[in-house]
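Below you'll find the structure, written out as structure tokens, and then a few comments.
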Amino acid sequence: GQADPHQAAAFYRQALADAEEADDRLDLGLARLGLARLAYERNELADAAAGAQAASELGRAGAGLQLQVRGALLLARVLRAQGEVQEAHDQVAAALGLARTQQDGLYREALAVQARLQLADGRLEAVERWAADYATFEPPPSQLQQEQEALILARLHIAQGDAATALELLGQLLNAAQADGRHRSVLEIQLLTALALAAQGQSAAATEALRQTLGPARAAGYRRLFLDEGPALAALLRALRPQLQTAKTSPR
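Numbering of the sequence shown is given in our numbering, commencing with residue 191 and proceeding in unit increments.
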């Protein structure tokens with residue numbers, strides 16, 4: 191399952207202290223990257239950017255290409271969150287250039303981040319090209335990577351006006367995430383389910399999906415979970431605010 195973010199933060203802080211004491215650059219970079227990802231989830235973008243940059247630089251200095259690329263990919267997401275759209279795409283392009291030589295799934299990971307950013311920009315044709323090709327990429331993805339790619343597909347279906355296909359896919363993903371105890375994944379899937387249901391005009395069901403998501407996400411500090419879905423989710427939250435307040439789980 192996915193660790194509680196508060197427990198994860200304590201783990202990474204201890205790992206950071208141990209790595210500094212041992213002068214282990216790889217463990218140092220991994221701990222910095224882990225803390226940066228948690229900071230991003232909390233929307234603490236300056237801390238996330240600093241950690242991602244530090245991890246990427248440690249990778250460049252000899253701790254490994256995976257660390258360098260994953261730091262760059264996180265930095266791209268931070269830049270996009272800060273409104274630096276071109277800089278974000280430049281970071282992804284650099285990461286793709288570095289990962290292109292690898293056969294370990296790193297290039298596939300970078301392509302998925304690129305597709306997610308393109309989707310946020312409304313560049314549906316680019317994402318459709320990714321969707322037509324991604325299933326042929328080698329090697330086969332990890333379970334979590336497979337889930338992330340499927341969630342991008344679900345977002346694409348919603349953006350294309352095909353909420354029914356999105357809901358079918360999200361239902362399969364929700365069952366798998368619940369069975370494996372991946373709590374953050376469950377919340378992300380429920381959030382997209384609410385968007386798909388709202389797109390079909392099912393406001394009561396969309397309200398219920400949001401109601402199940404808001405409390406646990408707020409307790410975990412998952413602010414970017416909502417912010418990264420952009421104007422569509424913001425509009426839905428505004429539209430459903432009266433119903434959500436009735437359920438005593440209105441967004442802050």
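Glycine included, each C-beta is placed from N, C-alpha and C at the ideal position. It should be emphasised that the depicted structure is a prediction, and the values quoted were computed from it without experimental measurement.
Cβ contact annotation for Ala407 (same chain, cutoff 6 Å, sequence separation greater than five): Leu377, Leu415, in chain order.
The beta carbon of Gln204 is closer than 7 Å to none in its chain, skipping five residues each way along the sequence. Pairing Gln350 with Leu220, the inter-Cα distance amounts to about 37 Å. For Glu234, the secondary structure class from DSSP, reduced to helix, strand or coil, is coil.
Its Cα nearest to that of Arg306, the residue Leu346 stands out among Gln292, Gln272, Tyr297, Leu346. For Ser375, same chain residues with a beta-carbon under 7 Å away, outside a window of 5 residues either side, are Gln192, Glu337, Ala367 in chain order.
Straight-line spacing of the CA atoms in Ala245 and Asp352 works out to 39 Å. Contact check between the segment 286-293 and the segment 267-278: fewer than three CB pairs, one atom from each, fall below 8 Å, which does not count as touching. Beta-carbon to beta-carbon, Leu400 and Leu434 are separated by about 6 Å, close enough to satisfy the 8 Å threshold. Leu334 counts as exposed, since fewer than 16 other beta carbons sit within 10 angstroms of its beta carbon. Following the DSSP letters along the chain, one finds Phe327 in no alpha helix (DSSP H), marked with neither H nor E. As summarised for the segment 191-219, there are no continuous beta strand (DSSP E) elements at least 3 residues long confined to that stretch. Short of 7 Å from the beta carbon of Gly241, and not among the five residues preceding or following it, lie these beta carbons of its own chain, in chain order: Arg222, Leu223, Leu225, Ala226, Ala229.
It is roughly 35 Å from the alpha-carbon of Val259 to the alpha-carbon of Gln402.
Annotated three-state conformation of Asp311 is coil, per DSSP.
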